[in-house]
Amino acid sequence: MDHFLYRDGTLHAEDVPLSEIAAEVGTPFYVYSTATLLRHYTLFDEALEGTDHLVCYAMKAASNQAILKTLAEAGAGMDVVSQGEYLRARAAGVPGDRIVFSGVGKTAAEMRTALEGGIRQFNVESEPEMQALSAVASEMGRIAPITIRINPDVDAKTHAKIATGKSENKFGIPISRARQVYALAASLPGLEVIGIDVHIGSQLTELAPFEAAYLKVAELTETLRADGHDIRRLDLGGGLGIPYTRSNEAPPLPLEYGVLIKRTVGHLGCEIEIEPGRLIAGNAGLLVTGVIYVKSGEDRDFLIVDGAMNDLIRPAMYEAHHDIIPVTEPAPGTEHATYDIVGPVCETGDTFARQRAMPPVAAGDLIAFRSAGAYGAVMASEYNTRPLVPEVMVNGDQFAVIRRRPTFDEILKRDTIPAWL
Ligand code: LLP
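Quick note on the working numbering: the sequence shown kicks off at 644 and runs consecutively.
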């Protein structure tokens, strides 16, 4: 469920007509619904009711500080994967003890920043990283709380570019070597082993892969405890998928996911963390773009819109589907037209949809890409020197620009011409 509905013939974000935002901000822009963000966070929080838990929003999905603050005020922690994300979370008011630091390549500088500012735990992914963290923490006179991310060798059954839990993926340490690596961790100064971490991939539309992974984590918990480790926290990662089409897709609900978690690891008495990103932000955001031209090709019509692959790269990068709807509500019974929907960037890859049936639109009309809240704005670039796409947040009948579009002057001034030119 989301809060983007037609009302009085026009698509609204909560109580705000998108045409009103477009008139003020220009297109393209991302718009997020506060109510949807909070609803999705609450679904996870409630799904884990009865367990000691923390929902750490994977902020890589959408990291504007307004989004982080909205979620943090509701009680969310954050999963960060870089110094930049850590600093963003802190700037948005997230306390260090609610931030977990994930990622395969944390540098000493990143470790230092997090140890200085406060951190809930590092999710460590390799022996060399563990040694580096031990050295940094010791040199600072600190103890770094750690979990070790294990790679359970489970097929997440998702797009190859976002599967992370198979042995050929770069993530985690092979579960077969877990005991050895935990023994090493226990022997190193500056570290305190507190738990286990696992994340097998993103946009999972079945529970079975989670179940396989979590059962392995449960077994490993018992083994490591028998080895003398105090395993008291399990970070179970993110990955629960969302429906990208309105029609027949029905991925498992957070509630069912919560039941699975309790069934597989609930008996261990561990504190539970999860790191959902997409399910919280995905259907809480739209990309709104304007039609520049409708162009007739040899055998097809192209809808050339002012949003492009640099603003939303998911279709080009993962062959992802986004529902695309007109902002003006079509009259009942309107016959669909068929378009290839493309941006102005000079590559054929700048195609959002091929032969997409939708209500007919004309130059000057606004259209909205649904399910664009996660991995949309954060993956945007300025390719083709197109200004970074702005972001807007709606809350009831109010809206605010939460990241404005840079001016061309600002863009041009970022380059520096060397003295010899
Ligand atoms: N935790 C870790 C360690 C992760 O690597 C990720 C996502 C998450 C949590 C959050 O997963 P989620 O709940 O959002 O599925 N750009 C791609 C998705 C990349 C996901 C990367 N890791 C896309 O647009 O589909």
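Beta carbons are placed, not taken as given, at the ideal position from N, Cα and C, and that holds for glycine. A quick note: this is a predicted structure, and the numbers were derived from the prediction, not measured.
Per-residue DSSP class, three states only, for residue i
i           : result
residue 966 : coil
residue 846 : coil
residue 946 : strand
residue 814 : coil
residue 852 : helix
residue 939 : strand
residue 824 : helix
residue 916 : strand
residue 981 : strand
residue 876 : strand
residue 696 : strand
Nearest candidate by alpha-carbon position, reference residue i, set the options
i            : options               : result
residue 950  : 1062, 752, 1030       : 1030
residue 653  : 1062, 969, 1061, 681  : 969
residue 885  : 857, 878, 777, 924    : 924
residue 766  : 793, 822, 781, 706    : 793
residue 1023 : 1032, 692, 1016, 1015 : 1032
residue 948  : 960, 996, 903, 909    : 996
residue 600  : 731, 779, 842         : Residue numbering for the chain in the displayed model covers 644 to 1064; residue 600 lies beyond these limits and cannot be assessed.
residue 760  : 921, 742, 926, 1060   : 742
residue 928  : 661, 676, 664         : 676
residue 984  : 972, 960, 1010, 971   : 1010
residue 936  : 1021, 982, 971        : 982
residue 698  : 998, 1016, 920        : 920
residue 901  : 679, 816, 850         : 850
residue 869  : 825, 887, 894, 880    : 825
residue 833  : 907, 785, 735         : 785
residue 1007 : 998, 946, 961, 964    : 946
Pair within 8 Å by beta-carbon distance, residue i and residue j
i            : j            : result
residue 783  : residue 755  : yes
residue 770  : residue 827  : yes
residue 670  : residue 933  : yes
residue 1037 : residue 674  : yes
residue 979  : residue 1001 : yes
residue 931  : residue 672  : yes
residue 841  : residue 856  : yes
residue 966  : residue 1014 : yes
residue 913  : residue 956  : no
residue 686  : residue 904  : no
Residue i beta carbon near ligand 2 (any heavy atom closer than 7 Å)
i           : result
residue 772 : Among the ligands in the structure shown, ligand 2 does not appear; only ligand 1 can be found there.
Residues sharing a beta bridge with residue i, DSSP
i            : result
residue 764  : 743
residue 655  : 648, 660
residue 1034 : 673, 1046
residue 791  : 767, 839
residue 934  : 948
residue 687  : For residue 687, which the question treats as bridged, DSSP gives no partner whatsoever.
residue 1012 : 930, 967
Cβ-based burial, residue i [other Cβ within 10 Å; buried from 16]
i            : result
residue 740  : exposed
residue 764  : buried
residue 910  : exposed
residue 1060 : exposed
residue 1051 : exposed
residue 817  : exposed
Minimum Cβ-Cβ distance from residue i to chain B less than 8 Å
i           : result
residue 795 : Protein chains in the displayed structure number just one, and chain B is not present.
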